[in-house]
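Here the structure is laid out as structure tokens; the discussion comes afterwards.
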Amino acid sequence: MPRFPADFAWGVATSAYQIEGAVDEDGRGESVWDTFCRKPGATRDGHTGDVAADHYHRWQEDAGLMAELGLTAYRFSIAWPRVQPDGKGPANAAGLDFYDRLTDALLASGITPVPTLYHWDLPQPLQDDGGGWLARDTAQRFADYAEIAAERLADRIPLWITLNEPFVVMAFGYGLGVHAPGEALLLGALPTAHHQLLGHGLAAAALRSAGARQVAITNNHSPAWPATDDPADVAAAQAYDILHNRLFADPVLLGSYPDLSAFGAGPGGPDCVADGDLAVISAPLDAYGVNYYAPTRLSALPGEPLPFRMEPIEGYPVTAFGWPVIPAGLTEVLTTMKDRYGGRLPPVCITENGCSADDEVSPDGTVDDQPRIRYLDGHIRAVHDAMTAGVDVRGYFIWTLMDNFEWSEGYHQRFGLVHVDFATQRRTPKASFAWYRDLIAAQRRTA
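For the record, in the sequence shown the residue sitting at position 356 is 356 according to our numbering, with numbers rising by one throughout.
Structure (structure tokens):
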């Protein structure tokens, strides 16, 4: 394995709804995912996050596993409905207490907490009252929540992430309806892009005013590959690149929207953009989070609202999810961003990267997940390749610490370094856990 800088952050990532459970305890309000999971057919086999990995009750055991890994950082998300049950109004003290205890335990083990304020669990009342992220007011509500969280925790937490993957919220939650809140609006979902980004900008200012020293946003990025050299396919890939990658990076890093004419928007972006919004959105950041899983291959689909069609990428191994394993795509994402944004790109952290595998506990009590080890090894090397090419990458967070609730797939996809038996909640570290522990130890020993 190549040598990384001494201060490079080695971490894992999780999200609240996917691991915490305890959805009706200690004053937590309902989220759009609680509601969505109750809809027949919304999730595979009707699975819900009601219990998930029971992290809310087993957090001390999980913090011990992180200490055993030797992590230097842990990216988790704060559940907005646990802190503000209605999405507005006073804080729920018991909810903040949970994250307070977790923060102190992490710091006691030498692990830097890296909280994400929004990992998709919007308080249901905000969806009911105004349409969630379709409403401009939700951006201000998000900033109020950010201030509450930072006032409690910013004295001990240096780096804060506002949003996780706003593209997925827009596309899957409001465009296609396959994630919560289940709205299938297609291009009618575009306002949710702007309102999320505005929420990011307002929250970034609120975080700083409450004492947060560093602020970031996390977007998921995917190289857009044309299916053929046909100009129509090339144009389709360019359109997808705009919608998936640039729609959420350009306003933050350049202060302007890309050309959205292929999606019916004018030169200034979605119709809901108001004077001064882009200045709020593009306030300088201290870091930029990149989530990467795979490239996307596109062909033209003329005459449709979305002018592209996703095509399979053949010739590569695939994960249990069927996603192609292409480490070089991560290098491509990072070098493309450096070329595209230049000095406007702050230091980068890989805030998610990982794979699902068909993991089972063997009769001897072990989980030998060699495909995951090969996946992680290749992608960590791909990060180093990007750094060698001049990209300023400061950390790498594996998705994920432990098997969890994988959104609409329920409990059918296992991404964790730790196997979870969801019937008993027994944790079993996999072979990849030991591999990552040894990698971190070697990097820290030789730094």
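Cβ coordinates follow ideal geometry from the N, Cα and C atoms, glycine included.
Arg372 and Ala357 do touch by the CB rule: their CB atoms are close to 5 Å apart, below 8 Å.
Each residue's CA atom was taken as its position, placing Gly268 and Ser261 some 10 Å apart. DSSP lists Gly289 and Gly395 as the bridge partner or partners of Cys349.
The beta carbon of Gln443 lies closer than 6 Å to those of Phe4 in the same chain, with the five residues before and after it left out.
Considering only Glu406, Ala135, Thr218 and Ala204, the residue with the shortest C-alpha distance to Leu190 is Ala135. The three-state reading of DSSP puts Gly201 in helix, counting H, G and I together. Closest in alpha carbon position to Ile350, among Leu298, Arg381 and Ser299, is Arg381. Judged by DSSP in its simplified three-state form, Thr424 adopts coil rather than helix or strand.
Counting only runs of 4 or more residues that sit fully inside the region 35-74, the alpha helix (DSSP H) segments are 55-69, in chain order. The region 114-189 is shown to contain whole alpha helix (DSSP H) runs of 4 or more residues at 124-130 and 137-153, in chain order. Secondary-structure assignment with DSSP links Pro226 through a beta bridge to Leu298. Boundaries of the beta strand (DSSP E) harbouring Thr218: Gln214 to Asn220, taken from the DSSP string.
Taking Thr400 as reference, the option from Phe415, Arg394, Gly390 and Ala389 with the minimal CA-CA separation is Phe415. The Cβ atoms of Gly49 and Gly21 sit closer than 8 Å to each other.
Annotation: His244 to Phe167 spans about 6 Å, alpha carbon to alpha carbon.
Excluding the 5 residues flanking it on each side, Gln413 has same chain C-beta neighbours closer than 8 Å at Ala320, Phe321, Ser356 and Glu406, in chain order. Shortest Cα-Cα distance from Tyr396 to any of Ala94, His384 and Asp121 involves His384. Taking the CA atoms as reference points, Leu306 sits about 8 Å from Leu187. At a cut-off of 3 residues, the continuous stretches assigned as beta strand (DSSP E) that sit fully inside the region 306-335 are 308-311. DSSP places Ala9 inside the beta strand (DSSP E), whose first and last residues are Ala9 to Ala13.
DSSP places Ala239 inside the alpha helix (DSSP H), whose first and last residues are Pro231 to Asp241. In the structure shown, Ser432 adopts helical secondary structure according to DSSP, grouped into three states. Here the alpha carbon of Val367 sits roughly 18 Å from the alpha carbon of Leu439. Taking all protein chains shown into account, Met1 has fewer than 16 neighbouring C-beta atoms within 10 Å of its C-beta and is therefore exposed. Minimum Cα-Cα distance from Thr103 among the listed residues Ala93, Pro81 and Val114 corresponds to Val114. Here DSSP, grouped into helix, strand and coil, assigns Phe415 to coil. Distances from the alpha-carbon of Thr14 to those of Gly110, Asn353 and Ala434 put Asn353 closest.
Segment contact: the region 78-86 against the region 27-41, three or more CB-CB distances shorter than 8 Å; contact assigned. For the pair Gln425 and Ala300, the Cα-to-Cα distance works out to about 46 Å. Separation of the CB atoms of Gly329 and Ala274 is rounded to 36 Å, and the pair is thereby denied contact status at 8 Å.
Under DSSP, Met402 takes part in a beta bridge, and its partners are Val418. Going by C-alpha positions, Asp277 is about 10 Å away from Ser256.
Between Ala42 and Gly173, the CB-CB gap reaches or exceeds 8 Å. DSSP, read as helix, strand or coil, puts Phe76 in strand.
Between the alpha carbons of Pro81 and Ala232 lies a gap of roughly 45 Å.
Under DSSP, Ser31 shares a beta bridge with Pro123.
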